[in-house]
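Residue numbers (the numbering used here), protein chains in the order written: chain W, 3 to 998; chain E, 23 to 544.
Virtual Cβ for every residue (Gly too), placed ideally from N, Cα, C.
Predicted model only: the values in this text are computed from it and were never measured.
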Amino acid sequence: MKQVKKSICLFRSLRKVRKMGILTLMILCCLVTAFAQTTVKGKVLDEFGEPIIGANIVEKGTSNGSITDLDGNYSLTIPNAQRAILQFSYIGYNTKEEAVGGQSVINVSLAPSVINLGEVVAIGYGTQTRREITGSVANVSEESFNKGITRDAADLLQGKVAGLSITSGSGDVTRASQIRLRGTSTLMNDQGPMIVIDGIPGGDMSSVSPSDIESISVLKDASSQAIYGSRAAGGVILITTKRGSASHSQVTYDGYLSADFVANKPHLLSASEWRDVNSQLGNDVSKLDVYGAETDWLGEMLRTGFSQNHSLSVSGGGSKNNYRASYTFLDRNGIARDNFMTRHSFRFQFQQRAINDRLRIDLTGSATLTDMQFPFRDDFILAYNLPPVYPVKNADGTWFTSMFGQYDQGNPVQNQDENYNLMKSNNFYGAGNLQFDIIEGLTAKVHLYKSSINNDFNEWRAPTNSRGRSDNGYARRQARLTERELMEWTLNYNTTFGSKHKLDAIAGYSWENNRYQDQSSIATNFAVTSMGANNIQSGNTLKIGEVTSSKNAYKLISFFARAHYSYDEKYMLTATVRRDGSSKFGANNKWGLFPSVSAAWGLSQEGFLKDINWINDLKLRAGYGVTGNQDGLQPYKTLELYEAYGTYYDNGSPSIAYRVAQNANPNLKWEETAMLNVGVDFSLFNGRLGGTIEWYDKRTTDMIYRYTVPTPTFVYDRIFANVGDMLNTGVELLLNIDVVRTKEFNYNTSINLAHNKNEILRLSNDIYSASRIYTGDPWIRGASGVTSHVIEEGRPVGQFFMLKAKSNKLTADGKFDFEEIDGIPGITDDDRTYVGSAQPDLTFGWNNSFSYKNWDASFFIRGTIGNKVLNNPIAAYGNNTYVSGANAIMNDNLVKYTENSRVSSFYLEDGSFARLDNMAIGYTFDSKKIDWLNRARVYVAAQNLFVITGYTGLDPEVELFRGEPTDNDAGLSPGIEARNYFPKARSFTFGVNLTF
Amino acid sequence: MKKIIAIWFAGILSMIIIPSCTDLDEEVYDKLPADDFGSTEIEVKALMGTVYNTLKTYWPGNFMYLSENGGSATVTPTRTGGDWYDGGQYREIFTHEWTAQTGVVRSSWNAASTAIGTCNATISVLENSTFMTDAQKVENIASMRGVRAFWIYTMMDYWGNVPLVTDYSDKELPSVRPRQEVFDWLIAEVNEIAEQCPAGTQANYGKFTKGSAYFLLAKLFLNAEAWKVNVSGNAWQQCIAACDKVLSLGYVLEPNWETNFGINDRSQEGILTICFSETDTQNRNQLMCQTLHYADNLSDGAKYGAWNGVCAQPDYVKLFDVEDPRYEATYRIGERRNRETGEILKTGQGDPLIYTVDISIIPGTEYDGGPWGAVVQEAGARCQKWPYSTTLSNAKGNHFHIFRLTDIYLVKAEALLRSGGDVSEATRLVNVVRERAYGDATHNYATVDLQKIQLERRFELAWEAWSRQDDIRFGDFDKSYWAASNSPRKTGDHLKLYPIPQTAWQTNQNLVQNPVYPPFQQ
């Protein structure tokens, strides 16, 4: 820091020169002479060595292209052979990319599902060939994406990458997936991996329509992540969108229709079962069973949801430009009657080249306009809770409301009809990208980006139903605005010398500003209700404290550099360093340094292995790096601040009170995650068996969290501080096997397995001590405030800590039998103990794809092994103690209980499962004879067809957290199946892909 | 080429040295930096407002349960089906089987200790403030120290040996101070501030005034013996002196007893008052939800949804003379009808909602082999001492007087008797209270003894968070007033102090657990 300050003084006079300097730089750049052109020739063959006629060869990112002739030969003139990447594509074959790298002859063979080692993969701030990569990067391209209804990149990727866990624990179509890479790495609102869209860090997954995505790279180890230092601790997902190509000007249409059915719903007692159970228990229900109704309340709330998706894109280009524009309309209707999402996505990308193609200007615009209605999940609680002998409506057609005034009761169907919780979201961004080849191998680039996300919430609870009754009508209007500006400068140099030495280096600077503001108003007590939340002034009561606004901002500034050296594809070395500054930290701790180094050894290139022809490729990799985290932290936590909070009584009138806003911690600094990663990549038997084995050790230190502190000395009992350490270690395996590879029939199977062990190493230091934190609120009626988890040193995140049932059977007289832990007679909170973990021992994905002539088919199974799930619906509603005035879920113990449910290991079950997640069959028409048609494919797909599990609840794949990712302790009590469970859907889709 | 690279690097370098390109200062938009806060009268008042708001965490939540459920006045029974079992925490408070993990003990400790932290922070701002006159400053600081003293007194009463942190800049982890030391500190502190505190004018309603300080002194001396602390001088005489001081400050007993509890009423006998408001959005007074049956809002024509929790211990209710107007005004008993339709309200089992004083365990519902079990939804007399308005939604506006003048009459009477003083004066004081309650002198006592004073305190101060302290002082702490619970109370002198919560010890391992409770360990 001191040195930087000195230089500030020294060079202050240079300030004025800055703009001129850049200008001069630009002009000088223009003066440098053009490069020599190179011609690349070669042959494109299929997997049997036969020539492919009419295969496309395009220089990536340009309009420069060619087509193979009758013998599969092509020839292409390339301005910059060092940097060019050729894309080879042909219908029915995987597109392949090859870096020219000075070669003049490039022969390729295209084949389905063969691991392609020359394949170019997106890495941070650039691309690399698979052979050269030293870090751990998993790449998934379009042909491997999940089929069926997909909302975003997470849906495409789910289960495909070892170590990347993507959880969608609910059928709610408005709910985003919860993503973790290689375990939870922080207690502080783990945000999951950072999303980078076309090189722009920190993007929003929902802003890219799945049909616009070409490939997705997952940066798994710190050595590949460290170039994104500041926010990479949770991993990085790079999304590369499709680009236009001059060689084929095309129009593409992808469309599908689908139907969502309720996959699994709890067996609540029917009216006759309910009467029977109550009579077995000796309950007199004659006072309630007077309406002659038999209602399946959950069934009344659910429906078959129909969805449609239409994507249209146009792309093409001329000799100096290319473009792609796309529009996607997604209309998604959930299986709950009040749940929907519609989204319009527009994306436009244009590139123009000038000065002999040395100057490239890229412009991208994206607009994602979403309308959605969040379901009131607590309406499901009402459905669980209502006697099935109540009608939905009275004989005169009015809503049945006689249950009002009883605990957790109301008419959920009425609620669905009368209430709403809408959000309109407009997500705009624009990016400009200016790139200039200064001299051969040296490229300067500036990236400018601005995004603006508006969210408008509109919530209404009518006074006539159970949700709005206590407020006599409730309306909330909220507007949020999130803005981001980004400026990034990079200078990239790559060269090859002595024919075998290759060097690729990059240095850069990035500046980023994030701003957030919101305002919210709540009014209650409505005299006129017909306008709902659209006329909030109809509410008679407006309370101080329910009209709020806020605004905050933070900045990130970074300097980064990377050098990659490779010798003959045998020895590769990559080193990166990044210096990151975040405004969120204390004055002396704003800057953090995040270095990494990794190396790879291409064993198969060595002489002693070259002759073994069943080894196509064998590479050893090792890397170590440090990444930072500050994402979960809100701004201003280091500052002593005062805020308005509540009102106080000032001689008869309420006045706004002020208070100390927080326990400020001026010493707050970067949380650091260091990861050591060792891996082997292999491709054997002519590429028929390929795969990767990896081991990692990931340690988070100075973990930011809301540690508990004593009051006094502190004003509040929580403070954000850097105290704890966390460890994740794991092994990952990916295998890809071409079981059958013939001209007409192909069968490929790929398996990924991941084991991760999480442990909280430390929660205390000299100042702060929090050796055990109770968390998790499953909520059972009659057990409010009883927690289910602990966060504790030596234990994983997701450690269940509850009363321990001696067996999974009740005693003869229908009671629980708990272990006496503290030695003092009587079961109290002191008798809780460790009863299992929500972390799985193993997660797996198994993909199978087939092709026969024009047919293609695939199915995909994924799951987990060894995790515990708390079956809270059964705990909350599987007991009979409320059944006389409510309802219950049918189960073996239902009539045996003589006490109410307790938060305990009695309800803890093995959550291992295997789900047939995805299955599709497609047919591609022979379009060779139709000159206006390039490609036509139809397919049917099914999602979530069945689940194999011993779990007796509804679905063992449960959400990591139920609320928002920004909630306190979100994700720290995983493994609870929520009692307000929103059932999942089973979906069937029919779709077409057309290219003209 | 070198030149070009050099220029490019010059470009980068120039950006590095341009301050804006490495500037990471935070600009705060929606909060106020500490350096300039507290420099106007409005700001200081707003800050002191937060200190007064801490009192909202005293009652009707945390300490009402520790006092009334742990004492003889109320109980939160487990309701049929299991409502309010909540891990056994309410059973533990009633049967005195609490542990360092019991929820209400923890939340009450947190409320009190957080309040003390807020007081210290505010006092520090006031001390450093420059715009006030010396007199203003002294008065404001005295009132803040008064609220802090109230909280420290509360912690000392409930836990005995507690940390004593009175300096905001002191960041050393505190250890527990013996009750004697805390007591001595309190006596000195309250004596020091008493005359500096604001006067009990109408404008200062809801503030910590001179009256509040002397009231607090009276309570300290009154309980000293029961707390087993030494007092220099005669505690009873000093208690009486403090009472006389309060009585001399111009407070008057409200002619109508109910004025103390009504909606929008500013009782003239309020000496330290929590000023709840129906517009509160934080720390709301939700006593109606805590005590009334789920459906009972309809009997008031109001909108809130209640939770059917705390009710009166039956044998306590039966102590009342049913002709005492305070009986009906305090307890809601009997059938409840929809205010609009006149229909009788129903329980969740479809039974008519008729609150009964008696509460009996439903056979077969007992937990863990013990006697504690569930009771029907409608069992138990409910609280209606603070009337419910028909427009009530989710926050009650009725003020709560932590200290009120009637109490001082009874405290003085008790101190007189305990010190062997003037029995006729004591009788007169008690009769003032009874006469006001009954509206005439027909129920006056000829003479009073300690038992009668204890009874009068129970009639007058039910639900007002004095039960535990009074029961300990009158030697009645081991006895529950719900014999039909079949759950005997655990006995032992150590139970007169609550255990320090496990979570408090986790953040500060200098804390030592109270005697007999299992010591803290990792």
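Among Asn882/W, Gly977/W and Asn850/W, whose alpha-carbon lies nearest the alpha-carbon of Gly161/W? That would be Asn850/W, whose Cα lies nearest to the Cα of Gly161/W.
Three-state class that DSSP yields for Asp699/W in the structure shown: Strand.
Assuming Gln519/W and Lys553/W make a contact with CB atoms under 8 Å, what is their CB distance in whole Å? Rounded to whole angstroms, the Cβ separation of Gln519/W and Lys553/W is 4 Å, and the two are in contact under 8 Å.
Contact with chain W by Glu48/E, beta-carbon distance below 7 Å: yes
Less than 7 Å between CB atoms is the rule here; does Asp346/E satisfy it with respect to chain W? no
Can you give the Cα-Cα distance for Gly470/W and Asn417/W, rounded to whole angstroms? 9 Å
Kindly say whether Ile202/W, judged by its beta-carbon, lies nearer than 7 Å to any beta-carbon of chain E. By this cut-off, Ile202/W is not an interface position.
Would His346/W and Gly257/W be called neighbours here (beta carbons separated by less than 7 Å)? no
Any Cβ of chain E within less than 7 Å of the Cβ of Gly887/W? Yes, because at least one Cβ of chain E sits closer than 7 Å to the Cβ of Gly887/W.
Between which two residues does the beta strand (DSSP E) containing Asp506/W stretch? Per DSSP, the unbroken beta strand (DSSP E) holding Asp506/W starts and ends at His503 to Phe528.
Step through the CB atoms of chain E and report whether any lies within less than 7 Å of the CB of Val994/W. no
Quick check for students: name the residue ranges of the beta strand (DSSP E) that lie wholly in the segment 871–914 of chain W, counting only runs of 3 or more. With a minimum length of 3 residues, the continuous beta strand (DSSP E) runs that stay inside the segment 871–914 of chain W are 910–912.
Closer than 8 Å is the cut-off here; do at least three beta carbon pairs connect the segment 211–224 of chain W with the segment 236–245 of chain W? yes
Of all the options Ile138/E, Ser94/E, Arg128/E and Gln123/E, which has the alpha carbon lying nearest to the alpha carbon of Thr117/E? Ser94/E
Alpha carbon of Ser453/W to alpha carbon of Ile197/W, nearest angstrom: A direct Cα-to-Cα measurement between Ser453/W and Ile197/W gives close to 14 Å.
Based on DSSP bridge pairs, tell me the residues matched to Asn631/W. Glu673/W.
Of all Cβ atoms in chain W, is any one closer than 7 Å to the Cβ of Ile174/E? no
Helix, strand or coil at Cys333/E according to DSSP, with G and I counted as helix: strand
Would you check whether the ligand ZN has a heavy atom nearer than 6 Å to the C-beta of Ser502/E? No copy of the ligand ZN occurs in the structure displayed, which carries no ligand at all.
Local conformation of Leu361/W per DSSP, three classes: The answer is strand: DSSP assigns Leu361/W an E or B state.
Supposed contact pair Ala663/W and Arg783/W - C-beta distance, whole angstroms, cut 8 Å: Wrong, their Cβ atoms sit about 36 Å apart, outside the cutoff.
Hey, is Phe422/E's beta-carbon within less than 7 Å of any beta-carbon in chain W? no
Is it right to say Tyr338/E is buried, meaning 16 or more other beta carbons lie within 10 angstroms of its own, or is it exposed? Here Tyr338/E is buried, its C-beta having at least 16 other C-beta atoms within 10 Å.
According to the neighbour-count rule (16 or more other Cβ atoms, all chains shown, within 10 Å of its Cβ), is Thr140/E buried or exposed? buried
Could you give the DSSP three-state label for Gly407/W: helix, strand or coil? In the three-state DSSP reduction, Gly407/W falls in the coil class, being neither helix nor strand.
Starting from the beta carbon of Asn466/E, find every residue of chain W whose beta carbon is closer than 7 Å, and list them in chain order. Under the 7 Å cutoff, chain W gives no residues; its nearest Cβ is about 36 Å from Asn466/E.
Give a yes or no on whether the C-beta atoms belonging to Trp173/E and Ala137/E are separated by under 7 Å. yes
Residue span of the alpha helix (DSSP H) that contains Gln202/E, given as start and end: Arg201 to Ala216
Which value, in whole angstroms, describes the spacing of the CA atoms of Arg133/W and Gln105/W? Between Arg133/W and Gln105/W, the C-alpha separation is close to 16 Å.
Taking the C-alpha atoms as reference points, what is the distance between Asn474/W and Lys759/W? 50 Å
In angstroms, rounded to a whole number, what distance separates the CA positions of Ala157/E and Thr188/E? 22 Å
Would Gly370/E and Asn902/W be called neighbours here (beta carbons separated by less than 7 Å)? no
Taking DSSP's pairing of strands, which residues face Gly393/E in a bridge? Note that residue 393/E is Pro in the sequence shown here, rather than Gly. DSSP output for Pro393/E lists no bridge partner at all.
Does the segment 521–537 of chain W come close enough to the segment 581–600 of chain W to have 3 or more Cβ pairs within less than 8 Å? no
Cβ closer than 7 Å: which chain E residues qualify as neighbours of Asp832/W? Thr121 and Gln123
Using the three-state DSSP reduction, which class does Asn615/W fall into: helix, strand or coil? coil
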